[in-house]
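Presented below is the structure to which this report refers.
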Amino acid sequence: MNTLPRGIVPMMYAFFRPDGGLDLAAFRRQVDACIAAGVDGIAVLGLATEVSKLSVEERQGLLEAAAQAARGRVPLSVTVFGATPEEQISFVRRAEQAGASSVILQPPRSPGITEGELLRFFGKVIDAAAIPAGIQNAPEYIGIGLGVEAIGTLARNHPNFQVLKGEGSAMLIRRTIEATGLKVLNGRGGLELPDNHAAGCTGMIPGAECCDVLARVWRNLKNSDTRDKAMQDYAAILPLLVFLMQSMDQFLCYGKRLMAKRLGLDEVFDRQPAQAPTEFGLACLTRHAAGLAAL
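So the sequence shown is residues 32 to 326, counted in the working numbering.
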């Protein structure tokens with residue numbers, strides 16, 4: 032399915048065993064639960080998957096596990112991590128072979144890289160991809176990114192650049208859509224979802240922990256008869272989203288624990304470096320997530 036991600040496409044968490052290895056059974060369970068909850072697609076190997084902590088072999092393992100669990104029921108979008116264009120192109124090939132519908136390129140973790148260098152990096156990988164390609168523009172979280180004008184330049188020069196995963200305010204996303212004409216999905220854990228919908232986003236790539244509610248909200252926003260219901264449902268989980276998105280470390284610490292609880296999993300084991308949960312933080316999480324049932 033060479034289709035662009037759209038709607039609610041949650042990013043999967045990586046779960047680890049007590050011995051530090053990947054818990055692929057828990058990961059597959061997560062994929063199944065999200066699809067059963069009515070999501071429009073599955074995303075893997077982004078920031079929520081803690082991709083920078085994973086070896087190439089572990090990334091390959093999660094890619095294969097996601098593809099096997101999804102079984103073509105929904106499109107699979109794969110984030111690509113790598114220090115060089117050649118490394119990213121190699122993983123794009125793996126994603127294509129696994130049946131991914133699209134790839135989203137992360138910038139290399141190269142402090143001081145210029146916009147021109149980043150444009151050349153992305154352009155080389157995008158041109159090599161046989162499936163629709165996009166980029167993740169998340170300077171707030173990664174520390175490296177492109178401005179709106181540079182994103183437009185990339186789109187004009189590389190036709191296979193078809194989708195942008197943004198990580199910014201609905202105001203910035205609206206300006207980006209107007210300036211580039213790209214299909215844009217925002218992230219940020221689902222913050223400002225109604226405003227992103229109104230801004231013209233084709234979807235959102237949030238965490239998986241609230242995917243059922245966010246999928247229902249997104250669907251109901253499309254119809255004037257159900258818009259009030261959508262806003263009520265979104266208002267009910269907004270305090271939780273605000274709590275989770277205070278930082279990426281906090282999101283990973285508590286969002287993953289909430290997802291594990293909803294899946295009926297046992298203790299969560301972190302791969303370091305990682306924020307440790309506190310008694311107060313867990314109490315806040317319990318209070319904010321009180322209305323969420325098992326998945």
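Think of the CB as a built atom: it goes at the ideal place given N, C-alpha and C, for glycine as much as any other residue.
Query, Result
"I'd like the list of long-range same chain contacts for Asp54, defined as Cβ closer than 7 angstroms, with 5 residues on each side in sequence excluded.", "Phe46, Phe47 and Arg48"
"Hey, would you say Gln167 sits closer than 7 angstroms to Ile135, going by beta carbons?", "yes"
"Rounded to whole angstroms, what is the Cα-Cα separation between Leu94 and Ala126?", "7 angstroms"
"Ile144: buried (16+ other C-beta within 10 angstroms of its C-beta) or exposed?", "exposed"
"Does DSSP classify Val111 as helix, strand or coil?", "strand"
"Can you tell me where the beta strand (DSSP E) with Ser133 in it begins and where it stops?", "Ser133 to Leu136"
"State the start and end residues of the unbroken alpha helix (DSSP H) segment that holds Gln61.", "Leu55 to Ala67"
"Alpha carbon to alpha carbon, how far is Ala169 from Val82?", "14 angstroms"
"Quick check: what's the CA-CA separation for Val156 versus Leu150?", "10 angstroms"
"With Ile39 and Cys242 assumed to form a contact (beta carbons below 8 angstroms), what rounded beta-carbon distance in angstroms separates them?", "6 angstroms"
"Write down every uninterrupted run of the alpha helix (DSSP H) in the stretch 234 to 261 whose length is 4 residues or greater and which is fully enclosed by it, in chain order.", "242 to 252"
"Per DSSP, which one or two residues make a beta bridge with Phe47?", "Leu53 and Phe300"
"Exposed or buried, Phe311, counting other C-beta atoms within 10 Å across all chains shown (16 or more means buried)?", "exposed"
"Give the range of the alpha helix (DSSP H) segment to which Gly183 is assigned.", "Val179 to Asn188"
"How far does the beta strand (DSSP E) with Leu294 in it extend, from its first residue to its last?", "It is not in any beta strand (DSSP E) - Leu294 instead sits in the alpha helix (DSSP H) that spans Lys287 to Leu294."
"Let's test the definition: count the other Cβ atoms within 10 Å of the Cβ of Arg104 and tell me whether it reaches 16, buried, or not, exposed.", "exposed"
"Leaving out the 5 sequence neighbours to the left and right, which residues in its chain are closer than 7 angstroms to Pro116 when beta-carbon positions are compared?", "Phe152, Lys155 and Val156"
"Give me whichever residues DSSP pairs with Val75 in a beta bridge.", "Val109"
"Going by other Cβ atoms of all chains shown within 10 Å of its Cβ, with 16 needed for buried, is Arg293 buried or exposed?", "buried"
"From the DSSP output, read off the bridge partner residues of Asn168.", "Gly197"
"Along the beta strand (DSSP E) that carries Val70, what are the first and last residues, could you check?", "Neither: Val70 is in no beta strand (DSSP E) and is coded neither H nor E."
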